[in-house]
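Trainee:
Residue numbers (my numbering): 133 to 314.
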């Protein structure tokens, strides 16, 4: 049953990485995995925008959203501590340790990149480490990023809203197989 939630996390991770494939198809898949609710609605809006923009257009939108706008940098440490905080190094080291304990190896980004955190959540066992990462790291970082999006027309805002909805959903509305606290 946990498989659906893991697949959703993997798909969202791919969508929050730099666009390399068919983002509209991935968003469609994620929407199906999320089931009915706010996450699926936001994913539907992202899917439509991704289909309309195409890969090159999404690359530009991704860059505008995350690379050119420091307030929306997709890194937990940058959101919660500031990018140049002396505490960010220890945070990255702790995340690397936590990831290794679960057998997760970050792909291309730093360990605190939202896509890497979602990739980890796809393989992490339910428990306090996972819960704390969501409640104390991912959720507040997403809240700050969503709030900082001045350009509400950028579809990546919808994607962040969808991810936040996945991890804010009450137990009855969570994707099939998700535990009581994500």
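All residues carry an ideal CB built from backbone N, CA and C; glycine is no exception.
1) Please tell me whether residue 172 and residue 288 are closer than 8 Å, where the distance is taken between their beta carbons.
2) Residues in the same chain with beta-carbon distance under 8 Å from residue 255, minus the five sequence neighbours each way, listed in chain order, please.
3) Output yes or no for whether 8 Å exceeds the beta carbon distance between residue 247 and residue 206.
4) In angstroms with no decimal places, state the Cα-to-Cα distance between residue 274 and residue 212.
5) CB-CB under 8 Å to residue 240, same chain, minus the five flanking residues each way: which ones, in chain order?
6) Closer than 7 Å by C-beta to residue 219: which residues in its own chain qualify, once you throw out the five before and the five after it? Chain order, please.
7) If distances are taken between C-alpha atoms only, which option among 229, 195 and 251 comes closest to residue 146?
8) Please state whether DSSP places residue 231 in a helix, a strand or coil.
9) Do you know whose CA, among 283, 300 and 253, lies nearest residue 272's CA?
10) What three-state label does DSSP hand residue 324 in the structure shown?
11) Near residue 140, what residues of its chain come up, given a Cβ to Cβ distance below 7 Å and the 5 sequence neighbours on each side ignored?
12) If you drop the 5 nearest sequence neighbours on each side, which residues of the same chain put their C-beta closer than 7 Å to that of residue 151?
13) Express the C-alpha separation of residue 262 and residue 253 in angstroms, rounding to a whole number.
14) Could you check which residue in 183, 269 and 153 has the C-alpha nearest to that of residue 224?
15) So is residue 317 buried or exposed if we call it buried at 16+ other beta carbons inside 10 Å?
Mentor: Concretely, from the data shown:
1) Going by C-beta atoms, residue 172 is not nearer than 8 Å to residue 288.
2) Contacts found: 138, 234, 235 and 236.
3) With a cutoff of 8 Å on beta-carbon distance, residue 247 and residue 206 are scored as near each other.
4) Going from the Cα of residue 274 to the Cα of residue 212 covers about 10 Å.
5) Excluding its 5 nearest sequence neighbours in each direction, residue 240 has C-beta neighbours in its own chain below 8 Å: 149, listed in chain order.
6) The beta carbon of residue 219 is closer than 7 Å to those of 213 in its chain, skipping five residues each way along the sequence.
7) For the residues 229, 195 and 251, the minimum Cα distance to residue 146 belongs to 251.
8) In the structure shown, residue 231 adopts helical secondary structure according to DSSP, grouped into three states.
9) The residue from 283, 300 and 253 with its alpha-carbon nearest to that of residue 272 is 300.
10) Absent from the structure is residue 324, since the part of the chain shown begins at 133 and ends at 314.
11) The answer, listed in chain order, is 162, 165, 166, 298 and 307.
12) Only 187, 190, 191 and 194 meet the Cβ criterion.
13) Taking the straight line joining both Cα atoms gives about 7 Å.
14) Looking at the Cα atoms, 269 is the closest of the given residues.
15) In the structure displayed, the chain extends from 133 to 314; residue 317 sits before or after that span and is not available.
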